[in-house]
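Peer 1:
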Amino acid sequence: MLITMNQAEPFAQEAVSSDPKIIWKECLKVIKENVPFITYNTWFLPIKPLYLENLTLKIQVPNNFFIEWIDEHYNTLINKTIRQIIGAEAKLAYVISEENEIPEIELGKEAPEKPEPVIKNVPETEQKPPFESYLNNRYTFDNFIKGEGNQLARAAAIAIGDNPGETSFNPLFIYGGVGLGKTHLIQAIGNKILSNFPHKRVIYLSSDIFTVEFVEAIQSNKVNEFSNFYKSMDALIIDDIQFLINKEKTQDLFFHIFNTLHQSGKQIILSSDKPPKDLKGLNERLISRFQWGLTADVQPPDFETRIAILKKKSENYGISLSPEILEYIAINITSNIRELEGCLIKLLANASLSSKEINIELAKKTVREIATDRKVNISIEYITKIVCETLNVEEDKLRDKNRKKEVVQARMIAMYLSKKLTKSSLKTIGLHFGGRDHSTVIHAFTSMEQLMDEDQTLKETVDSIKNKIEMSVS
Ligand code: ADP
Ligand code: MG
């Protein structure tokens, strides 16, 4: 960034006297010219000048993040600025006030009682405040199997792990269906960054946790703290960004966090169930930013990759499966890697429960059970809950006679998905929706199929609800 120091009039040292507010105001003028608007507002405006003592200007910042962030990004600018304003010998010291209760200092007067909190000089950058990165160390690149379906995403992920913020893959946006390794990959990046650069600040979370935290921050009046915390990261990893759909306030805040991080060369990594352009209900400006870096998909594994995954995972469990068994499973379980893993675990469990050898018969039995499990795990109640949450309709309304358009639609979608995702009979499904007749359920099902054929947006809504349901039970 270009530092243009001559924009503010140099302040004659006599004129400054000991008035910290005036000095700081002059500093801010220079800083404002040299940093992006959001950076200025977020990081510099909240600073309060405290006092000037022996050519050291003490400024109060809300917390440690500020010191680190400013220090790391604008150390040179801020030091040059105060030297320009105060004089060649000038120094800066930060004072952190946890309670933000440092008394106001009157113009021109000596500070009455000086607060005694932590004082840090500018060059120090140690003492990172601890925080949980939420990374699971089981997700690494070592145990991520390369296949045609994940080649590009994996290569980009590895590059970022070694050079966060320094590749053109910023943000990295990985999308694809359930159980294809998105979470694994993006967490592997985080783990790799931390192993390469232990002092970097990396955090992983899913976008619905982000939303919940944001709502809590609003309730407890801590939105600034919340947003500054995420803005202080070197790498921000957000999983399942599709859950921000229709959450406008959260999207707005995320937009600002995204900008601050991106502008300062910090790494952003996102995952989603669909590509950016298909995220209807997400602000256009976010969608366009998501496409600034690299968008890479993960596809279901092909046969060879499925075999490789089964081999590697069974070896991890200390067993070796015969080619016949490997092939049988790889032919029959095709949808995703989570299910392949599930099948393997179930096979092991079946073998140890019945103290049987793992043979092809047991493999066949296990594969059959998986197909049944898929349906048993999902309940009509759960489907109803997710449909209502997504479409913002009260659950009770689905059970009464409400004929409002959005309720009717939610009810139809819930019935359709109940038929599609559970093994319940039409009669049982009808009972769950206020004792409706089985023919009503059939009608809902066939109409939905037809409507989804004609209406792409509806189809996408239903698909995304279906994904969400399947994701949480697999
Ligand atoms: P997604 O986030 O796309 O739904 P996950 O990352 O949760 O999928 O992957 C599901 C499971 O499959 C995880 O246990 C993960 O470790 C495993 N997995 C996915 N892809 C691979 C891969 N290429 N190699 C090894 N394990 C994988
Ligand atoms: Mg995931």
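If you're matching positions, the sequence shown starts at 698 in the numbering used here and goes up one per residue. Just so it is clear, CB atoms sit at the ideal spot from N, CA and C, and this is done for glycine as well. Predicted model only: the values in this text are computed from it and were never measured.
Within the present structure, is the beta-carbon of Lys879 separated from the nearest heavy atom of the ligand MG by less than 7 Å?
Peer 2: The residue you call residue 879 lines up with position 182 of the sequence shown. Correct: Lys879 has its Cβ closer than 7 Å to the ligand MG.
Peer 1: Given a cut-off of 8 Å on the beta-carbon distance, is the pair Tyr1025 and Lys1062 in contact?
Peer 2: As a position in the sequence shown, residue 1025 is number 328, starting the count at 1. As a position in the sequence shown, residue 1062 is number 365, starting the count at 1. No.
Peer 1: Would you say the beta carbon of Tyr872 comes nearer than 7 Å to a heavy atom of the ligand ADP?
Peer 2: Your numbering for residue 872 matches position 175 in the sequence shown. No.
Peer 1: Starting from the Cα of Val758, find the closest Cα among Ser1161, Leu749, Glu786 and Ala790 and give me that residue.
Peer 2: The sequence position of residue 758 within the sequence shown is 61, counting from 1. It is Ala790 whose Cα lies nearest to the Cα of Val758.
Peer 1: As an exercise, report each continuous beta strand (DSSP E) stretch of at least 3 residues that is fully enclosed by the segment 986-1027, in chain order.
Peer 2: You should have 991-995.
Peer 1: Quick one: grab the DSSP three-state call for Asp839.
Peer 2: Looking up residue 839 in the sequence shown gives position 142. Residue state, collapsed to three classes: coil.
Peer 1: With a floor of 3 residues, list each beta strand (DSSP E) that falls wholly inside the segment 721-755, ordered by position along the chain.
Peer 2: Listed in chain order, the complete beta strand (DSSP E) runs (minimum 3 residues) inside the segment 721-755 are 745-750.
Peer 1: So, at 8 Å on beta carbons, what are the nonlocal neighbours of Gly1131 in its own chain, with the 5 sequence-adjacent residues on each side left out?
Peer 2: Here residue 1131 refers to the residue found at position 434 of the sequence shown. Contacts found: Leu1095, Arg1096, Asp1097 and Lys1098.
Peer 1: For Asp936, verify whether its CB is less than 7 Å away from any heavy atom of the ligand MG.
Peer 2: What you label residue 936 is simply residue 239 of the sequence shown in a count that begins at 1. Answer for Asp936: yes, Cβ within range of the ligand MG.
Peer 1: Specify the secondary structure class of Glu711 as computed by DSSP and reduced to three states.
Peer 2: Here residue 711 is taken as the residue at index 14 of the sequence shown, counted from 1. Residue confidence for Glu711 is low, a pLDDT of 47 falling below 50, so the modelled location carries little weight and cannot support an answer.
Peer 1: Round the Cβ separation of Ala914 and Phe923 to the nearest angstrom and send it over; I've been treating them as touching at under 8 Å.
Peer 2: As a first step, residue 914 must be located in the sequence shown, where it is residue number 217. As a first step, residue 923 must be located in the sequence shown, where it is residue number 226. That pair is a contact at about 4 Å.
Peer 1: Return the residue from the list Pro973, Gly876 and Lys1120 that minimises the CA-CA distance to Thr1069.
Peer 2: For this step, residue 1069 is matched to residue 372 along the sequence shown. For Thr1069, the nearest C-alpha among the options comes from Lys1120.
Peer 1: Verify whether the separation of the beta carbon atoms of Phe841 and Ala853 is less than 8 Å.
Peer 2: The residue you call residue 841 lines up with position 144 of the sequence shown. The residue you call residue 853 lines up with position 156 of the sequence shown. In this structure, Ala853 does not lie closer than 8 Å to Phe841 by Cβ.
Peer 1: Would you verify that the beta carbon of Lys1156 is, or is not, closer than 8 Å to some beta carbon of chain C?
Peer 2: In the displayed structure, chain C is absent; only one protein chain is listed.
Peer 1: Quick one: grab the DSSP three-state call for Ala1195.
Peer 2: Here the chain covers residues 698 to 1171 and nothing more, so residue 1195 does not appear.
Peer 1: Please classify His881 as buried or exposed, where buried requires at least 16 other C-beta atoms within 10 Å of its C-beta.
Peer 2: As a working mapping, residue 881 is identified with position 184 in the sequence shown. Result: buried.
Peer 1: According to the neighbour-count rule (16 or more other Cβ atoms, all chains shown, within 10 Å of its Cβ), is Gln939 buried or exposed?
Peer 2: For the purposes of this step, residue 939 is taken as residue 242 along the sequence shown, with counting starting at 1. Buried is the call here.
Peer 1: Got a sec, what are the start and stop residues for the beta strand (DSSP E) Asp936 sits in?
Peer 2: Here residue 936 corresponds to residue number 239 of the sequence shown, with the count starting at 1. Per DSSP, Asp936 belongs to the beta strand (DSSP E) from Ala932 to Asp936.
Peer 1: Find out if the Cβ-Cβ distance for the pair Phe870, Pro973 is shorter than 8 Å.
Peer 2: The sequence position of residue 870 within the sequence shown is 173, counting from 1. The sequence position of residue 973 within the sequence shown is 276, counting from 1. Cβ atoms of Phe870 and Pro973: closer than 8 Å.
Peer 1: Is the closest heavy atom of the ligand ADP to the C-beta of Glu1038 under 7 Å?
Peer 2: Here the question's residue 1038 lines up with position 341 in the sequence shown. True, at least one ligand heavy atom lies under 7 Å from that Cβ.
Peer 1: Please report the residue range of the alpha helix (DSSP H) in which Ile1055 lies.
Peer 2: Mapped onto the sequence shown, residue 1055 falls at position 358. Here Ile1055 belongs to no alpha helix (DSSP H), and DSSP marks it neither H nor E.
Peer 1: Span of the beta strand (DSSP E) holding Val899?
Peer 2: One-based indexing of the sequence shown puts residue 899 at position 202. Counting along the chain, the beta strand (DSSP E) containing Val899 begins and ends at Val899 to Ser903.
Peer 1: Hey, quick one: how far does the alpha helix (DSSP H) through Ile1042 stretch, first residue to last?
Peer 2: As a working note, residue 1042 is residue 345 in the sequence shown. Taken as a continuous stretch (DSSP letters only), the alpha helix (DSSP H) holding Ile1042 covers Ile1034 to Leu1050.
Peer 1: So, using beta-carbon positions, are His1135 and Leu1118 closer together than 8 Å?
Peer 2: Indexing the sequence shown from 1 puts residue 1135 at position 438. Indexing the sequence shown from 1 puts residue 1118 at position 421. Their beta carbons are not under 8 Å apart, which means His1135 does not touch Leu1118 by this criterion.
Peer 1: Are Pro868 and Gly1039 touching if we call contact CB-CB under 8 Å?
Peer 2: By 1-based counting over the sequence shown, the position of residue 868 is 171. By 1-based counting over the sequence shown, the position of residue 1039 is 342. No, these two residues do not count as a Cβ contact at 8 Å.
Peer 1: Report the option in Tyr831, Leu1088 and Ile1057 whose CA atom is closest to the CA atom of Glu1021.
Peer 2: As a working note, residue 1021 is residue 324 in the sequence shown. Nearest C-alpha to Glu1021: Ile1057.
Peer 1: Compare the Cα-Cα distances from Gln964 to each of Ile1077, Leu891 and Leu950 and report the closest residue.
Peer 2: The residue labelled residue 964 in the question sits at position 267 within the sequence shown. That would be Leu891, whose Cα lies nearest to the Cα of Gln964.
Peer 1: Grab me the residues of Ile984's own chain with a C-beta within less than 7 Å of its C-beta, minus the 5 sequence neighbours each way, in chain order.
Peer 2: By one-based count along the sequence shown, residue 984 stands at place 287. Once the five neighbours on either side are set aside, the close Cβ partners of Ile984 are Pro973, Lys974 and Leu976.
Peer 1: Might you give, ordered along the chain, the residues of its own chain that have their beta carbon closer than 7 Å to the beta carbon of Leu804, omitting 5 neighbours on each side?
Peer 2: Here residue 804 refers to the residue found at position 107 when the sequence shown is read from its first residue. Reliability fails at Leu804, whose pLDDT of 37 lies under 50, so the model's placement of it is uncertain and no value is given.
Peer 1: Identify the residues that DSSP records as bridge partners of Val758: which are they?
Peer 2: Your numbering for residue 758 matches position 61 in the sequence shown. According to DSSP, which records beta bridges pairwise, Val758 is partnered with Ile793.
Peer 1: How many whole angstroms separate the CB atoms of Met1244 and Met1109, which I take to be in contact at a CB cut-off of 8 Å?
Peer 2: What the structure shows of the chain is the stretch from 698 to 1171, and residue 1244 is not part of that stretch, so it cannot be assessed.
Peer 1: Can you give me the start and stop residues for the alpha helix (DSSP H) that Ile942 sits inside?
Peer 2: Taking the sequence shown and counting its residues from 1, one reaches residue 942 at position 245. From DSSP, Ile942 is part of no alpha helix (DSSP H); its letter is neither H nor E.
Peer 1: In the structure shown, what three-state DSSP assignment does Ser969 receive?
Peer 2: For the purposes of this step, residue 969 is identified with residue 272 of the sequence shown, where counting begins at 1. Strand.
Peer 1: Given a threshold of 16 other Cβ atoms within 10 Å of its Cβ, counted over all protein chains shown, does Lys1102 qualify as buried or as exposed?
Peer 2: Indexing the sequence shown from 1 puts residue 1102 at position 405. Looking at its Cβ environment, which holds fewer than 16 other Cβ atoms inside 10 Å, Lys1102 is exposed.
Peer 1: Indicate the three-state DSSP secondary structure (helix, strand or coil) for Ile890 in the structure shown.
Peer 2: Taking the sequence shown and counting its residues from 1, the one referred to as residue 890 is at position 193. Here Ile890 sits in helix by DSSP.
Peer 1: What does a CB cutoff of less than 8 Å around Ile1166 pick up in its chain, not counting 5 residues either side in sequence?
Peer 2: The residue labelled residue 1166 in the question sits at position 469 within the sequence shown. The residues are Ile1075, Tyr1079, Ile1080, Ile1083, Leu1114 and Leu1118.
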